[in-house]
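Below you'll find the structure, written out as structure tokens, and then a few comments.
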Amino acid sequence: MVRESEIRDGELAVAPPAAADAGLVFIGRIHTPWTSRMQTPRQGRLDGPICRIEIFDPWVPALAGVERYERLEIIYWLHLSRRDLVLQSPANDGVTRGTFSLRSPVRPNPLGTSVVRLLRIEAASLFVQGLDCLDGTPLIDLKPDRTLFTPIAPPQPGDSEGATPE
Ligand code: SAM
Numbered sequence: 012m013v014r015e016s017e018i019r020d021g022e023l024a025v026a027p028p029a030a031a032d033a034g035l036v037f038i039g040r041i042h043t044p045w046t047s048r049m050q051t052p053r054q055g056r057l058d059g060p061i062c063r064i065e066i067f068d069p070w071v072p073a074l075a076g077v078e079r080y081e082r083l084e085i086i087y088w089l090h091l092s093r094r095d096l097v098l099q100s101p102a103n104d105g106v107t108r109g110t111f112s113l114r115s116p117v118r119p120n121p122l123g124t125s126v127v128r129l130l131r132i133e134a135a136s137l138f139v140q141g142l143d144c145l146d147g148t149p150l151i152d153l154k155p156d157r158t159l160f161t162p163i164a165p166p167q168p169g170d171s172e173g174a175t176p177e
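By the count of our numbering, the sequence shown reaches residue 177 at its end, each step adding exactly one.
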């Protein structure tokens with residue numbers, strides 16, 4: 012859904028309770044070609060533009076082994092989203108749906124997820140395709156894709172049989 016922060020016909024905003032800090036830390040930043048929500052795709056495509064995921068210190072050593080996976084799940088914080096809408100009108104036509112029935116970036120905790128194709132890793136940067144977020148979007152986590160799990164290298168000691176290590 013492309014929106015800045017307007018309230019559309021039929022939408023409902025609420026007063027959110029005070030935040031209970033979950034203690035999240037941003038582990039990196041996502042660099043994409045998009046600087047406006049109006050231009051950003053609603054969902055990423057695996058043949059989309061190459062984007063760079065920058066990992067901050069001290070988390071860079073946690074990338075060891077990531078190169079073995081063709082696909083990753085990326086979890087990010089849609090930092091410019093409003094967070095108070097419970098009813099939304101995706102088509103801006105007065106017809107509303109509940110926030111939890113949508114993949115809208117507008118939600119109480121604006122987490123976004125994408126499955127991306129990993130092209131290469133250079134030092135603290137991962138080059139990927141499949142994202143749909145603004146340049147500068149904070150990174151929460153990344154992990155091997157669960158449903159499209161495809162090992163690039165043969166199983167290693169410590170892998171559980173036929174499954175993504177958890
Ligand atoms: N693929 C993710 C998901 O399904 O969880 C996000 C989907 S969401 C519909 C993608 C839209 O969020 C983009 O088209 C853009 O309008 C908006 N968006 C992207 N990055 C954002 C950011 N950092 N802050 C707020 N909105 C953002």
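Just so you know, even glycine gets a beta-carbon here, dropped at the ideal spot from N, CA and C.
As the structure is a prediction and not an experimental result, all values here were calculated from the model.
Q: Measure the alpha-carbon distance for Pro28 versus Pro166 and round it to whole angstroms.
A: Translated into positions along the sequence shown, residue 28 becomes position 17. Translated into positions along the sequence shown, residue 166 becomes position 155. Pro28 and Pro166: Cα-Cα distance of roughly 46 Å.
Q) Quick one: does the C-beta of Ser112 sit closer than 8 Å to a heavy atom of ligand 1? A) Taking the sequence shown and counting its residues from 1, the one referred to as residue 112 is at position 101. At a cut-off of 8 Å, the beta-carbon of Ser112 does not count as near ligand 1: no heavy atom of the ligand is closer than that.
**Q.** Runs of beta strand (DSSP E) wholly within the region 110 to 166 (minimum 3 residues, chain order)
**A.** Those beta strand (DSSP E) runs which fall completely within the region 110 to 166 and span 3+ residues are 122 to 133, 136 to 140 and 148 to 155.
Q: Mind reading off the beta-carbon distance from Gln140 to Ile61? Whole number of angstroms is fine, and I expect it under 8 Å.
A: For the purposes of this step, residue 140 is taken as residue 129 along the sequence shown, with counting starting at 1. For the purposes of this step, residue 61 is taken as residue 50 along the sequence shown, with counting starting at 1. Confirmed, Cβ separation roughly 6 Å.
Q: Consult DSSP for Arg79 and reduce its assignment to one of helix, strand or coil.
A: As a working note, residue 79 is residue 68 in the sequence shown. For Arg79, the three-state secondary structure derived from DSSP is helix.
Q: Could you tell me whether the Cβ atoms of Ala135 and Gly39 are closer together than 9 Å?
A: Locating residue 135 in the sequence shown gives position 124, where the first residue counts as 1. Locating residue 39 in the sequence shown gives position 28, where the first residue counts as 1. In this structure, Gly39 lies closer than 9 Å to Ala135 by Cβ.
Q: Count the other C-beta atoms from every protein chain shown that fall within 10 angstroms of the C-beta of Arg128, then say buried if there are 16 or more, exposed otherwise.
A: Position 117 of the sequence shown, counting from 1, holds the residue named residue 128. Of the other Cβ atoms in all chains shown, 16 or more fall within 10 Å of the Cβ of Arg128; this residue is therefore buried.
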